[in-house]
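Protein chains in written order, with the working numbering: chain A, 3 to 200; chain B, 3 to 200; chain C, 3 to 200; chain D, 3 to 200.
Built from N, CA and C at the ideal position, the CB exists for glycine as well.
This report refers to the structure that appears directly beneath it.
There are 4 protein chains.
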Amino acid sequence: MTPRAPDPARRNERSRQAILSAALDLIGELTYPKVTIEAIASRAGVGKQTIYRWWPSKAAVVFDAFMMLNKGGSSEVVLPDTGDFAADMRVVLHATVAEFADPRYASAYRALNTDVQDDPALAEQMLARVLRPTLEAVKERLRAAQRAGQIDTGIDLDVAIELIYAPLYHRWLLRTGPMTTAYADQVLDLALRALRPQ
Amino acid sequence: MTPRAPDPARRNERSRQAILSAALDLIGELTYPKVTIEAIASRAGVGKQTIYRWWPSKAAVVFDAFMMLNKGGSSEVVLPDTGDFAADMRVVLHATVAEFADPRYASAYRALNTDVQDDPALAEQMLARVLRPTLEAVKERLRAAQRAGQIDTGIDLDVAIELIYAPLYHRWLLRTGPMTTAYADQVLDLALRALRPQ
Amino acid sequence: MTPRAPDPARRNERSRQAILSAALDLIGELTYPKVTIEAIASRAGVGKQTIYRWWPSKAAVVFDAFMMLNKGGSSEVVLPDTGDFAADMRVVLHATVAEFADPRYASAYRALNTDVQDDPALAEQMLARVLRPTLEAVKERLRAAQRAGQIDTGIDLDVAIELIYAPLYHRWLLRTGPMTTAYADQVLDLALRALRPQ
Amino acid sequence: MTPRAPDPARRNERSRQAILSAALDLIGELTYPKVTIEAIASRAGVGKQTIYRWWPSKAAVVFDAFMMLNKGGSSEVVLPDTGDFAADMRVVLHATVAEFADPRYASAYRALNTDVQDDPALAEQMLARVLRPTLEAVKERLRAAQRAGQIDTGIDLDVAIELIYAPLYHRWLLRTGPMTTAYADQVLDLALRALRPQ
DNA sequence: TACTAAGCGAGACGGTACGTCACGTCTTTTA
DNA sequence: TAAAAGACGTGACGTACCGTCTCGCTTAGTA
Numbered sequence: 003m004t005p006r007a008p009d010p011a012r013r014n015e016r017s018r019q020a021i022l023s024a025a026l027d028l029i030g031e032l033t034y035p036k037v038t039i040e041a042i043a044s045r046a047g048v049g050k051q052t053i054y055r056w057w058p059s060k061a062a063v064v065f066d067a068f069m070m071l072n073k074g075g076s077s078e079v080v081l082p083d084t085g086d087f088a089a090d091m092r093v094v095l096h097a098t099v100a101e102f103a104d105p106r107y108a109s110a111y112r113a114l115n116t117d118v119q120d121d122p123a124l125a126e127q128m129l130a131r132v133l134r135p136t137l138e139a140v141k142e143r144l145r146a147a148q149r150a151g152q153i154d155t156g157i158d159l160d161v162a163i164e165l166i167y168a169p170l171y172h173r174w175l176l177r178t179g180p181m182t183t184a185y186a187d188q189v190l191d192l193a194l195r196a197l198r199p200q
Numbered sequence: 003m004t005p006r007a008p009d010p011a012r013r014n015e016r017s018r019q020a021i022l023s024a025a026l027d028l029i030g031e032l033t034y035p036k037v038t039i040e041a042i043a044s045r046a047g048v049g050k051q052t053i054y055r056w057w058p059s060k061a062a063v064v065f066d067a068f069m070m071l072n073k074g075g076s077s078e079v080v081l082p083d084t085g086d087f088a089a090d091m092r093v094v095l096h097a098t099v100a101e102f103a104d105p106r107y108a109s110a111y112r113a114l115n116t117d118v119q120d121d122p123a124l125a126e127q128m129l130a131r132v133l134r135p136t137l138e139a140v141k142e143r144l145r146a147a148q149r150a151g152q153i154d155t156g157i158d159l160d161v162a163i164e165l166i167y168a169p170l171y172h173r174w175l176l177r178t179g180p181m182t183t184a185y186a187d188q189v190l191d192l193a194l195r196a197l198r199p200q
Numbered sequence: 003m004t005p006r007a008p009d010p011a012r013r014n015e016r017s018r019q020a021i022l023s024a025a026l027d028l029i030g031e032l033t034y035p036k037v038t039i040e041a042i043a044s045r046a047g048v049g050k051q052t053i054y055r056w057w058p059s060k061a062a063v064v065f066d067a068f069m070m071l072n073k074g075g076s077s078e079v080v081l082p083d084t085g086d087f088a089a090d091m092r093v094v095l096h097a098t099v100a101e102f103a104d105p106r107y108a109s110a111y112r113a114l115n116t117d118v119q120d121d122p123a124l125a126e127q128m129l130a131r132v133l134r135p136t137l138e139a140v141k142e143r144l145r146a147a148q149r150a151g152q153i154d155t156g157i158d159l160d161v162a163i164e165l166i167y168a169p170l171y172h173r174w175l176l177r178t179g180p181m182t183t184a185y186a187d188q189v190l191d192l193a194l195r196a197l198r199p200q
Numbered sequence: 003m004t005p006r007a008p009d010p011a012r013r014n015e016r017s018r019q020a021i022l023s024a025a026l027d028l029i030g031e032l033t034y035p036k037v038t039i040e041a042i043a044s045r046a047g048v049g050k051q052t053i054y055r056w057w058p059s060k061a062a063v064v065f066d067a068f069m070m071l072n073k074g075g076s077s078e079v080v081l082p083d084t085g086d087f088a089a090d091m092r093v094v095l096h097a098t099v100a101e102f103a104d105p106r107y108a109s110a111y112r113a114l115n116t117d118v119q120d121d122p123a124l125a126e127q128m129l130a131r132v133l134r135p136t137l138e139a140v141k142e143r144l145r146a147a148q149r150a151g152q153i154d155t156g157i158d159l160d161v162a163i164e165l166i167y168a169p170l171y172h173r174w175l176l177r178t179g180p181m182t183t184a185y186a187d188q189v190l191d192l193a194l195r196a197l198r199p200q
């Protein structure tokens, strides 16, 4: 009596799009607990079963919806490399600040950070498809900067990355202060003091 | 027909304790969405109304329960000052790592970080009674270190604090890696490179 | 983990009445399969759970609603006894025909005769509280008629009763013909030919 | 854009048989509400559409399945005529009792008596193809008995028929007692008292 | 010492959303 | 082109909690 998985080939692409769009819209309009599966289905003009057929939970829907926004779902992240690490990182962090300013992106991301707390499978996906690609790209850029003599070669790059990124996420998630490019610049300046060769 | 606020003098302390303990126990045992008001009331041997009489939401109950654990509910945080800033911070960060290792503390804290996303009042309370006291104490210790010439005087202390703390919270909330004292030491070492006079 | 039965003392009589009335109204208006629990709850202005708390199934609700109509729920049935059995039975059968003419009574009765087919508990209740009381009363009246010499003493009264009643129910349930007092009279006349002393 | 009726010539007889057999099997195994179209299709190894293409409702399928059992689907009913009306009717009623004892026949018949309540088209079919042929045959036999002087000529034969048949159906549908040949004999004996010339 | 008003445990209530099932329609693929 | 397979929009199912309410029953503080 296995439930038998549905056949992806028969999947209705129009419905899939409608569901993800409805989810994003509702997340932007309502507080997350009010973004119910029923509300998404209703907004998308779709049966609830069509959601349950393809996603195991609301969180999974939101994840896919978020991935639609996040770099078009691509897991490949490539950072600019003009040869000036500080300038390149500044561009990247400003882009991050800009993403946080998009209410649909920000709300979906907050929702995922909430759901991740009680959903190990989602946590793994977030790590693998959202966080890790970015962190790996930064790490790669850091390595290039080390080769160029801009970053101390004795530094543990994994810690270096979090020194740069964590303050932004921390401030944003906990709303300890405004999320501005100026703040990003401050953090970056300070972090670079720690990373440069001494 | 104002509902007339309940009289705190007549409040049953035994019930209050039972509720907060039940909340903490359940948070440690169950996934947060299953920690319902009904479950707390039932576990505490208490009527639901007794919870609704004294707290506006589940999040408020969890907050009070968490405060019971967090430094005994005191909002006064004082950091050690042996004259060696690095050593003092190391002690403090190790204490933080230890708190994160307590499952009841950790689960309650995660739950609050979740609820905060859609509850501005709770967010304000978290900031004022949990985060700010610690951050202020660290800031104070940083100022003393500046006076002692251990920290560069040109540094914005608010950013400095986040450089030290954010990586820990980031790694813990997003589970990007293990939460160890070794990691805390690495972060602190790196951060201090940024903060010391140059 | 027994579900613990609800306490009848705390039951809301207003809700109970609203539910039974709503059920009867809907049965009179809609085809039986469209008389859903949700529709009853909605019409009664009541939560679904209030129905599920007190009744195990839609059929049970309909049964109680029907009993409200059927002789005011009383299980005591007493037949007239003027000394003339034929005349007395004619009165009784005409009353039965009149009941069948009430759309709420008739629809509820039909619904119960439907549900009874797959619900032995309901079948038992129908027998004990609806059919048997009437049949017993007729039997009692038949016995009196035997003593008065109007009915042959060799007759099996249980069969005699069904000879009188079954044709009415049969015609009504299967809609093999119109349900009129004239038909009742015809059946009664014929049955009495079988029952009278010979 | 009329849906265009399917062409009966192209109908797959193997599927038709499989559907009717599956329906009968399920009716014998499950409670009627659980005999769903999906269950029939699945059991028959047939697509749902193949059922919807050829039958308007579950009741229609069950009707056809029942007709397969009921006298081989023939609508022609001929009663024995040995010259002894009582004996002939006894044979016929015993055959009816035997049919009621077949669980597939009985379950299907009960199901139809249920569906008939909210489906006038089905009711008409039941009357025309199941009840009327039998009743007409009995009527014909009664007429012969009248001519033979065994039945009073003043009797309304339609009422006479119901006097004989209704008690059996009544007892069977409402389960007011066991369905035995002895009971059939009792009913017949009593009914004949009413019908014989006096 | 009795009275009275509040908090209390209990749990029924009107609701909303859950996740599942079957409906009847449709679309795609196979024979 | 009928048939199998099964996804789809729809809507009811029966359950779980929500937050409010109403019961009796303690349990203080007032008379």
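query                                                                                                                  : result
Bounding residues of the alpha helix (DSSP H) (the contiguous stretch that carries ARG13(A))                           : Element bounds for ARG13(A): n/a, residue is neither H nor E.
8 Å contact criterion, which GLN169(B) and ALA168(A) should meet: CB distance rounded                                  : Note on residue identity: the sequence assigns Pro, not Gln, to residue 169(B). About 4 Å; that satisfies the 8 Å criterion.
Nonlocal neighbours in the same chain, by C-beta distance under 8 Å from THR116(D), ignoring five residues either side : TYR34
Through-space distance from ALA108(D) to ARG149(D), alpha-carbon basis                                                 : 35 Å
Check whether LEU197(B) and ILE163(B) have beta carbons under 7 Å apart                                                : no
Any chain A beta carbon closer than 7 Å to HIS172(B)                                                                   : yes
Residues that VAL189(A) contacts on chain B, provided the C-beta gap is smaller than 8 Å                               : VAL161, GLU164, LEU165
Chain C contacts made by the segment 32-46 of chain D, where a contact means CB separation under 8 Å                   : THR33, TYR34, PRO35
Top-ranked residue by Cα proximity to ALA184(A), from LEU26(A), ARG13(A), ASN14(A), THR98(A)                           : THR98(A)
8 Å Cβ shell around VAL140(B) - same chain, five flanking residues per side excluded                                   : LEU81, MET91, VAL94, ILE163, ILE166, TYR167
Straight-line gap, ARG145(A) to GLY151(B) (C-alpha atoms, nearest Å)                                                   : 33 Å
Beta-carbon separation (whole angstroms), ALA25(B) vs VAL63(B), contact threshold 8 Å                                  : 5 Å
Under 8 Å (Cβ pairs) to chain D, residues found in the segment 97-116 of chain C                                       : ARG112, ALA113, ASN115, THR116
Helix, strand or coil at MET3(B) [DSSP, three-state]                                                                   : Bear in mind that a pLDDT of 44 at MET3(B), under 50, signals an unreliable position, so the number given afterwards is only what the model happens to contain. MET3(B): coil per DSSP, three-state reduction.
Between the CA atoms of ALA88(B) and ASP9(B) - distance to the nearest angstrom                                        : 49 Å
Anticipated Cβ contact below 8 Å, ASP158(C) with GLN188(D), distance rounded                                           : 6 Å
8 Å contact criterion, which GLN200(D) and ARG195(C) should meet: CB distance rounded                                  : 7 Å
Short CB-CB distance (under 7 Å) between ASP27(D) and chain C                                                          : no
Cβ neighbours of VAL79(D) in the same chain (closer than 6 Å, five flanking residues each side left out)               : PRO135, THR136, ALA139
Best match in VAL118(A), HIS96(A), ALA123(A) for proximity to MET181(A) [C-alpha to C-alpha]                           : HIS96(A)
Continuous alpha helix (DSSP H) stretch holding ARG92(C): start and end                                                : 87-103
Within the segment 133-195 of chain D, ranges of the alpha helix (DSSP H) (whole runs, at least 4 residues)            : 134-149, 159-176
Minimum C-alpha distance to ARG131(C) - residue among GLN119(C), ARG143(C), LEU114(C), VAL161(C)                       : LEU114(C)
Neighbour-count burial assignment, ALA100(C), 16 or more Cβ in a 10 Å radius                                           : exposed
CA-to-CA distance, ARG18(C) to MET3(A), given in whole angstroms                                                       : Interpretation of MET3(A) is limited by its pLDDT of 45, a score under 50 that renders its predicted location unreliable; the figure taken from the coordinates is listed afterwards. Looking at the two C-alpha atoms, the distance is approximately 41 Å.
Chain B residues whose Cβ lies nearer than 7 Å to that of LEU144(A)                                                    : Going along chain B, no residue has its Cβ under 7 Å from LEU144(A), so there is no contact; the nearest lies around 13 Å.
Under the three-state DSSP convention, the category TRP56(C) falls into                                                : helix
Neighbourhood of TRP174(B) by C-beta, 7 Å cutoff - its chain only, sequence neighbours within 5 removed                : PHE102, MET181
Where THR116(D) falls: helix, strand or coil (DSSP)                                                                    : helix
Secondary structure of ARG45(C), DSSP reduced to three states                                                          : helix
ALA123(B): first and last residue of the uninterrupted alpha helix (DSSP H) it sits in                                 : 122-128
LEU192(C) at chain D interface by Cβ criterion, 7 Å                                                                    : yes
Test: ALA125(C) CB closer than 7 Å to a CB of chain D                                                                  : yes
Rounded straight-line distance, which links the Cα of GLU40(C) to that of ALA20(A)                                     : 29 Å
ALA147(B) at chain A interface by Cβ criterion, 7 Å                                                                    : no
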